[in-house]
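Scroll down for the structure; my scribbles are underneath it.
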Amino acid sequence: MRRTGFLFDRRYLLHETGPYHPEVPDRLEAVYSGIKAGGLLRKLNQISASVAELKWIETVHDRSYIDRLNDACVAGKKVFDCPDNQICSDTYLTALLAVGGILDTIRMMMQGEIDNAFCAVRPPGHHAEHSEAMGFCYFNNIAIAARYLQIEWHIERVGIIDFDVHHGNGTQHLFEKDPTVFYYSIHQHPSFAYPGTGREFEYGTVDGYGFTKNSPVLPGQGDEEYKRLIQRDLEPAFESFAPEVILVSAGFDGHVDDDMSDICLSTPWYTWMMTRIRAMADRYSQGRLISVLEGGYSLARLPELACQHVEVLLDE
Amino acid sequence: MFVSKSMTRKVVTIAPGAGIFEAYEKMKQHKIRHLPVVDGDNRLLGIVTDRDVRSVMPYELFKDPDLQKSQSKSLADMRIVDIMTSAPTHISPSSTIQDALLLIEEKRIGALPVVDDDGRLKGIISVRDLLRAFTNVLGIGDPGTLLCILVEEKVGQLKRIVDAITEEGVSFGSVLVGRYWDEGKRAVFPYIRTQNVAHIKRKLTQMGFTLLEPMEWYLDQLPSDE
Chain V
1 MRRTGFLFDR
11 RYLLHETGPY
21 HPEVPDRLEA
31 VYSGIKAGGL
41 LRKLNQISAS
51 VAELKWIETV
61 HDRSYIDRLN
71 DACVAGKKVF
81 DCPDNQICSD
91 TYLTALLAVG
101 GILDTIRMMM
111 QGEIDNAFCA
121 VRPPGHHAEH
131 SEAMGFCYFN
141 NIAIAARYLQ
151 IEWHIERVGI
161 IDFDVHHGNG
171 TQHLFEKDPT
181 VFYYSIHQHP
191 SFAYPGTGRE
201 FEYGTVDGYG
211 FTKNSPVLPG
221 QGDEEYKRLI
231 QRDLEPAFES
241 FAPEVILVSA
251 GFDGHVDDDM
261 SDICLSTPWY
271 TWMMTRIRAM
281 ADRYSQGRLI
291 SVLEGGYSLA
301 RLPELACQHV
311 EVLLDE
Chain W
317 MFVSKSMTRK
327 VVTIAPGAGI
337 FEAYEKMKQH
347 KIRHLPVVDG
357 DNRLLGIVTD
367 RDVRSVMPYE
377 LFKDPDLQKS
387 QSKSLADMRI
397 VDIMTSAPTH
407 ISPSSTIQDA
417 LLLIEEKRIG
427 ALPVVDDDGR
437 LKGIISVRDL
447 LRAFTNVLGI
457 GDPGTLLCIL
467 VEEKVGQLKR
477 IVDAITEEGV
487 SFGSVLVGRY
497 WDEGKRAVFP
507 YIRTQNVAHI
517 KRKLTQMGFT
527 LLEPMEWYLD
537 QLPSDE
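Okay, here's the thing in structure tokens:
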């Protein structure tokens, strides 16, 4: 059994997105209830959030963009940049708490208090670009986490695995020129799904060429195709990159019962995926592994998905 | 949508009296396949392609350019005017990119010199330039999601779809309409700038539209003429 952290804070529910929006506070309630029902809470090192220092947000985002989001929330705006990005007066605070909680969790892991962790945060982050909010995302949580590891903990090589059903355009673009952060994403093919990036031929640019890898998957595919691509594309890439820490953009929206995509993954696939990732973390990263929630919108499936996700991290 | 907006303006050209190797080097250096041939007054005389050049150069020369001086005396004497296509198909800067697309497809060529009314070369528009223009038109450089909706072929269907999506505050990257679907049907492909597609799909379904399975989409249903 491992010492697994579980970041959850009721203030993550404060970010309200209005009617007809799938990225709702109930998602986190579903995640929490699943972990609780599985009897896992007492086995976990429970972590609550703190507000991130702006200097960490600024490792990834433009200061004027950060201020613009704050201003929009203070002004009581309901939409930020694009109708996908529904906000409320607490969105800015919630986004800062998401980053702050993740950085605290990483610090605990680097100080040896925990081995790995699942961060159940809102809002998600992987679509957020340097100075643009996109696809329900404001601050790119996973990208800031990678920079924090490098700057504060002198980690040279960070490996990011993104299995959200949508391509993490923000994360890819933030690191595409950087050979010290390997970004791998498996997602529904961009011709059929948001955001339209993450094509097979995107490998990174200049110095970062070869440190981005995408596995687009056609609609209707499921477990077998995902397993084949993970073994063909991800595992050899991480074997040669040998990340010192692995970060996971954990999106559960490729599940067959999630209506945000046409991908048909089963619950056992997510367990299989996390087990493979844990094995890679053991092999290359001294087990150091931080998983951060991205998408996943099926309130019926999130409890079991979150529960099994954490069970793999606990490794009983 | 005019050729003048999409063409390459800084054209690499060659003189009719230039040698074959000069043309070869120019194309290699600039990574291009078409060289308009112009006179001293920048009037278009012809066009020479990498294929024209390659077809007169022996294969050995590609492997060892040093051979060119000793073994290819006659080739060195050959001039562009001897191998160029004279009076090539060209287009006007005020033509549209649709004109260029149809002309390039009809003539099965890779590029069109752009020539003004006085016969002077103004630019060149290649298949690559057209691809860039149409990538822009499709809106696929921006984030979004493509839907495929099957509709009855009658007036007003597209308006209902556009209105329904617009009511949700979602904007469009592009809207394509498939011309030949099942009899009496058309396929509408809105590229919409949102990730929140489930809600929009539900709304369209409730309005009576049929959303097609992504794997059944096909944009081009024209019978192949090959």
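The listed protein sequences derive, respectively, from chains V and W.
Residue 1 is where the first sequence starts when you use the numbering used here, and the numbers rise one by one after that.
Residue 317 is where the second sequence starts when you use the numbering used here, and the numbers rise one by one after that.
Just so you know, even glycine gets a beta-carbon here, dropped at the ideal spot from N, CA and C.
What you are looking at is a predicted structure, and each value in this text was computed from that prediction instead of being measured.
- Residue pairing by DSSP places T401(W) opposite I363(W) in a beta bridge.
- Nearest to A416(W) by alpha-carbon distance, out of V430(W), P404(W), P374(W), is V430(W).
- In summary, L289(V) is buried, with 16 or more beta-carbon neighbours lying within 10 Å of its beta-carbon over all protein chains present.
- DSSP, reduced to helix, strand and coil, places A250(V) within a strand of the structure shown.
- In the three-state reduction of the DSSP assignment, S185(V) falls in the strand class.
- Judged by their CB atoms, H126(V) and I106(V) are not nearer to each other than the 8 Å cut-off.
- A contact between stretches requires three or more CB pairs, one per stretch, nearer than 8 Å, and the stretch 343 to 350 of chain W fails this requirement with the stretch 304 to 315 of chain V.
- Identification of residues in the stretch 132 to 148 of chain V having a C-beta nearer than 7 Å to some C-beta of chain W yields M134, G135, F136, given in sequence order.
- Residues of the stretch 160 to 171 of chain V whose Cβ lies closer than 9 Å to any Cβ of chain W, in chain order: H166, N169.
- Minimum Cα-Cα distance from E132(V) among the listed residues Y284(V), S191(V), G170(V), L149(V) corresponds to G170(V).
- The contact set of D259(V) on chain W, defined by CB atoms closer than 7 Å, consists of A514 in chain order.
- For a Cβ distance threshold of 7 Å, residue set L462, P530 of chain W lies close to F192(V), ordered along the chain.
- If you draw a straight line from the Cα of S89(V) to the Cα of K470(W), it is about 46 Å long.
- For Q111(V), there is no enclosing beta strand (DSSP E), since its DSSP letter is neither H nor E.
- In this structure, V443(W) is the residue among V372(W), D355(W), V443(W) with its C-alpha nearest to the C-alpha of E421(W).
- Taking CB atoms only, D233(V) has no neighbour in chain W less than 8 Å away.
- Within the stretch 31 to 68 of chain V, the runs of beta strand (DSSP E) at least 3 residues long that lie entirely inside it are, in chain order, 45 to 47.
- Membership of T275(V) in the alpha helix (DSSP H) is indicated by the continuous run 267 to 284.
- Between the stretch 521 to 530 of chain W and the stretch 24 to 34 of chain V, the count of Cβ pairs shorter than 8 Å is below three; the stretches do not touch.
- For I456(W), the chain V residues whose C-beta falls within less than 7 Å of its own C-beta are G196, listed in chain order.
- For the C-beta of G485(W), the chain V residues within less than 8 Å are, from N- to C-terminus, V79, P83.
- One Cα belongs to E239(V), the other to A281(V), and the distance between them is close to 11 Å.
- Of all residues in the stretch 239 to 268 of chain V, only D259, M260, D262 come within less than 7 Å of chain W when Cβ atoms are compared, listed by chain position.
- Flagged as an interface residue toward chain V: R509(W), by a C-beta distance shorter than 8 Å.
- With contacts defined by Cβ atoms closer than 8 Å, E244(V) and T212(V) do not form a contacting pair.
- DSSP links N116(V) through a beta bridge to T4(V), L289(V).
- When the alpha-carbon of E338(W) is set against those of T510(W), D393(W), N452(W), the nearest one is in D393(W).
- For E152(V), the enclosing alpha helix (DSSP H) starts and ends at 141 to 153.
- At a cut-off of 8 Å, the C-beta of P123(V) has no neighbouring C-beta in chain W.
- Excluding the 5 residues flanking it on each side, V513(W) has same chain C-beta neighbours closer than 8 Å at T461, L463, in chain order.
- For the stretch 203 to 219 of chain V, the beta-carbon criterion of a distance under 9 Å to any beta-carbon of chain W is satisfied by L218, P219.
- Secondary structure of Y340(W) (DSSP, three-state): helix.
- For the set T180(V), A242(V), L93(V), Q231(V), the Cα lying nearest the Cα of W272(V) is the one of Q231(V).
- Residue-level contact by beta carbon holds for Y20(V) and chain W, with a gap shorter than 8 Å.
- Going by C-alpha positions, I508(W) is about 31 Å away from E58(V).
- When C-alpha distances from R395(W) are compared across S411(W), G333(W), V328(W), the shortest belongs to G333(W).
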